[in-house]
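Chains as they are written, first to last, in the numbering used here: chain A, 19 to 292; chain B, 37 to 364.
To start, the structure under review is shown below, and the notes come after it.
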């Protein structure tokens with residue numbers, strides 16, 4: 019069993035990147051973040067804050083959406099990976115689980131998992147062992163292995179997507195919005211498994227999440243994004259106790275829970291972006 | 037057995053073999069549709085181009101000779117040797133793979149993640165380009181294609197049916213061969229797509245480009261692979277149709293006959309393409325046989341499309357097509 023806590027070494031370093039879509043739309047305006055090896059790092063923020071774009075910039079999936087990293091660098095294990103083919107990135111150990119699951123609907127659950135091992139060259143035996151491991155973490159998938167992925171439930175699809183990513187035996191998984199459209203109980207279950215994979219398999223996670231509450235309970239460190247910038251960072255404990263985070267993201271204030279209607283937006287702009 | 041029934045039986049047998057020829061063309065469509073969600077308008081032209089190239093190689097024709105002659109005033113036409121079929125076919129296969137690489141490089145690469153309709157439009161452009169390019173490269177004359185497949189009436193069938201029914205059926209040997217080759221082709225393709233890693237990747241790409249990219253499948257490689265396979269299937273179709281009725285530019289219109297086949301069988305099913313082809317082949321012949329005396333001829337031209345229309349109304353995904361999965 020591997021060490022549970024994140025180490026001091028940085029696995030991924032994003033330096034001041036800018037992302038343009040279609041040559042005109044500036045989605046990220048200088049984002050920098052460090053992901054420690056062996057940790058769970060969360061990027062938090064509302065819709066359109068740039069969380070997904072950050073993840074896709076790292077995995078270089080933005081290229082197929084006509085996006086482009088125009089400035090800055092992304093270092094994975096010290097190597098610049100900007101513009102690298104997604105397939106090469108998967109081979110070097112970084113794999114993304116996309117927002118909204120994106121299972122191959124007409125393939126069975128097991129076939130979905132096997133496609134995850136596409137880049138592996140270490141033989142059928144190793145892949146079969148990996149498959150067993152995935153089934154161990156997601157016993158539900160073993161029951162549904164012969165079903166077409168398109169007919170499985172949202173939670174099962176999220177599990178399939180994560181399991182598929184695991185099949186490439188990654189050192190790092192970029193997990194985009196794992197809670198999307200899932201019941202609170204299922205969200206908890208997914209995060210529980212993420213946490214176990216991190217502890218037991220030593221997989222580093224960088225996850226984008228809107229559900230600040232859950233994410234900060236499982237993550238070690240967090241970054242908060244707004245409008246294509248990082249506005250705050252710290253370890254999860256600090257962020258949970260920060261009065262601004264409490265007010266804007268967890269819906270709490272000194273006087274206990276607070277209605278979102280009472281949060282006045284000009285105050286937050288002044289306090290954070292001044 | 038009454039004569040009418042015998043004639044009908046013969047007509048259906050002929051329909052079956054004709055249907056196989058339709059199915060061969062439809063197969064190429066299904067392959068590309070499955071892998072990239074593109075309805076490849078250029079499939080018929082691809083078959084034409086493959087057949088032209090094969091004949092060109094066989095007869096030792098100099099490519100672009102008309103163009104060179106027009107520009108330089110030379111009188112080039114043939115190299116003066118004939119390439120044996122066993123060499124000409126692999127050479128044509130190489131050309132089709134080269135074409136697949138070019139299509140990926142100049143068209144598909146720039147259209148990743150675009151709407152299917154945009155890709156479809158691109159294939160229309162490709163179809164027109166290839167038709168003209170084939171013309172410039174190999175000339176526009178009608179050419180005979182002979183790869184050594186037997187032709188003419190099958191005497192075995194004739195004798196056997198004569199012994200049973202006292203009436204010999206006329207079945208073209210070429211069409212029997214076509215059926216055999218189609219069966220082998222389908223078997224190979226099915227095994228490939230269901231049981232191999234690349235086949236699985238191919239189906240994955242068909243479902244979701246982005247997700248395929250995210251697990252490290254190289255879209256570019258998969259597309260070259262599918263277009264190469266489609267090119268080879270086009271070559272087989274081109275050989276069959278070319279041997280039957282000569283290599284000429286109207287060959288590209290066989291794609292139109294493949295459309296109703298696809299609507300019947302479903303755009304995503306390889307067995308569907310075969311069964312669809314057979315149904316249309318037999319339906320066409322039988323309908324003609326029974327209705328001709330009543331409504332007077334030329335039903336073969338429209339029967340397939342009418343059948344397709346009925347299918348579109350009642351079973352738009354075809355007989356074997358993947359149901360469009362929509363979870364609410």
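In this text, a Cβ means the ideal position worked out from N, Cα and C, and glycines have one as well.
Would you grab the beta carbon distance between residue i and residue j for me? Rounded to a whole angstrom, and I think it's under 8 angstroms.
i: residue 55(A); j: residue 28(A); result: 7 angstroms
i: residue 222(B); j: residue 306(B); result: 6 angstroms
i: residue 250(B); j: residue 116(A); result: 6 angstroms
i: residue 39(A); j: residue 95(A); result: Actually they are not in contact, since the Cβ atoms of residue 39(A) and residue 95(A) sit about 28 angstroms apart, beyond 8 angstroms.
i: residue 351(B); j: residue 132(A); result: Not a contact, Cβ separation roughly 32 angstroms.
i: residue 224(A); j: residue 233(A); result: Actually they are not in contact, since the Cβ atoms of residue 224(A) and residue 233(A) sit about 11 angstroms apart, beyond 8 angstroms.
i: residue 189(A); j: residue 137(A); result: Going by Cβ atoms, the distance from residue 189(A) to residue 137(A) rounds to 14 angstroms, so no, they are not a contact pair.
i: residue 132(B); j: residue 264(B); result: 6 angstroms
i: residue 37(A); j: residue 45(A); result: 5 angstroms
i: residue 61(B); j: residue 291(B); result: 6 angstroms
Using CA atoms only, rank isn't needed, just tell me which of the options is closest to residue i.
i: residue 226(B); options: 42(B), 151(B), 164(B) and 304(B); result: 304(B)
i: residue 195(A); options: 71(A), 37(A) and 52(A); result: 71(A)
i: residue 51(B); options: 139(B), 318(B), 128(B) and 122(B); result: 318(B)
i: residue 380(B); options: 145(B), 232(B) and 82(B); result: Within the shown structure, residues of chain B are numbered from 37 to 364, placing residue 380(B) beyond reach of any answer.
i: residue 245(A); options: 69(A), 31(A), 58(A) and 42(A); result: 69(A)
i: residue 171(A); options: 119(A), 220(A) and 222(A); result: 119(A)
i: residue 184(B); options: 204(B), 214(B), 170(B) and 86(B); result: 214(B)
i: residue 34(A); options: 64(A), 173(A), 248(A) and 183(A); result: 248(A)
i: residue 47(A); options: 229(A), 157(A), 30(A) and 243(A); result: 243(A)
i: residue 275(B); options: 242(B), 310(B), 210(B) and 241(B); result: 210(B)
i: residue 233(B); options: 125(A), 217(A), 97(A) and 151(A); result: 125(A)
i: residue 279(B); options: 88(B), 48(B) and 135(B); result: 88(B)
i: residue 51(A); options: 43(A), 76(A), 65(A) and 187(A); result: 76(A)
i: residue 73(B); options: 192(B), 85(B) and 255(B); result: 255(B)
i: residue 269(A); options: 231(A), 111(A) and 153(A); result: 231(A)
i: residue 38(B); options: 177(B), 261(B) and 203(B); result: 203(B)
i: residue 198(A); options: 260(A), 148(A) and 65(A); result: 65(A)
i: residue 240(A); options: 45(A), 200(A), 26(A) and 62(A); result: 62(A)
i: residue 155(A); options: 169(A), 53(A) and 208(A); result: 208(A)
i: residue 272(B); options: 90(B), 70(B), 46(B) and 151(B); result: 90(B)
i: residue 157(B); options: 333(B), 76(B) and 287(B); result: 76(B)
i: residue 102(A); options: 315(B), 277(B), 252(B) and 312(B); result: 252(B)
In angstroms with no decimal places, state the Cα-to-Cα distance between residue i and residue j.
i: residue 3(A); j: residue 128(A); result: Because chain A is modelled from 19 through 292, residue 3(A) falls outside the range shown and cannot be assessed.
i: residue 357(B); j: residue 308(B); result: 7 angstroms
i: residue 191(A); j: residue 175(A); result: 17 angstroms
i: residue 207(B); j: residue 200(B); result: 16 angstroms
i: residue 180(A); j: residue 267(B); result: 36 angstroms
i: residue 262(A); j: residue 206(A); result: 24 angstroms
i: residue 178(A); j: residue 321(B); result: 49 angstroms
i: residue 143(B); j: residue 217(B); result: 31 angstroms
i: residue 302(B); j: residue 130(A); result: 23 angstroms
i: residue 42(B); j: residue 300(B); result: 27 angstroms
i: residue 106(A); j: residue 86(A); result: 17 angstroms
i: residue 364(B); j: residue 242(B); result: Caution is warranted here: a pLDDT of 47 is assigned to residue 364(B), below 50, making its placement in the model unreliable, and the coordinate value is therefore given only provisionally. If you take the alpha carbons of residue 364(B) and residue 242(B), they lie about 22 angstroms apart.
i: residue 147(B); j: residue 248(B); result: 15 angstroms
i: residue 250(A); j: residue 231(B); result: 49 angstroms
i: residue 113(A); j: residue 93(A); result: 15 angstroms
i: residue 21(A); j: residue 217(A); result: Caution applies to residue 21(A), whose pLDDT of 44 falls short of 50 and renders its modelled position unreliable; the value that the coordinates give is listed next. Cα-Cα distance, rounded: 7 angstroms.
i: residue 86(B); j: residue 117(B); result: 20 angstroms
i: residue 347(B); j: residue 57(A); result: 56 angstroms
i: residue 192(B); j: residue 335(B); result: 30 angstroms
i: residue 326(B); j: residue 68(B); result: 37 angstroms
i: residue 141(A); j: residue 63(B); result: 32 angstroms
i: residue 108(A); j: residue 180(B); result: 51 angstroms
i: residue 92(B); j: residue 49(A); result: 59 angstroms
i: residue 43(A); j: residue 213(A); result: 35 angstroms
i: residue 205(B); j: residue 58(B); result: 21 angstroms
i: residue 54(B); j: residue 168(A); result: 37 angstroms
i: residue 310(B); j: residue 70(B); result: 15 angstroms
i: residue 285(B); j: residue 44(B); result: 33 angstroms
Entirely enclosed beta strand (DSSP E) segments - the stretch 92-165 of chain A, minimum 3 residues:
112-115
For the stretch 149-196 of chain B, which segments carrying the beta strand (DSSP E) assignment without a break, of at least 3 residues, lie completely within its bounds, in sequence order?
none
I'd like to know if the stretch 290-303 of chain B and the stretch 339-348 of chain B are in contact, where contact means that at least 3 CB-CB pairs between them fall below 8 angstroms.
yes
Contiguous alpha helix (DSSP H) assignments of at least 4 residues, all confined to the stretch 222-271 of chain A:
230-236, 254-259 and 261-266
Any 3 or more C-beta pairs closer than 8 angstroms across the stretch 92-101 of chain B and the stretch 167-174 of chain B
yes
Go through the stretch 50-96 of chain B residue by residue and report every complete run of the alpha helix (DSSP H) that reaches 4 residues or more, in order.
79-94
Could you tell me whether the stretch 158-165 of chain B touches the stretch 68-87 of chain B, where touching means 3 or more Cβ pairs closer than 8 angstroms?
yes
Along the chain, which unbroken stretches of the alpha helix (DSSP H) at least 4 residues long are found entirely within the stretch 198-260 of chain B?
209-231, 233-243 and 245-250
Beta strand (DSSP E) runs contained entirely in the stretch 298-336 of chain B, provided each spans 3 or more residues
none
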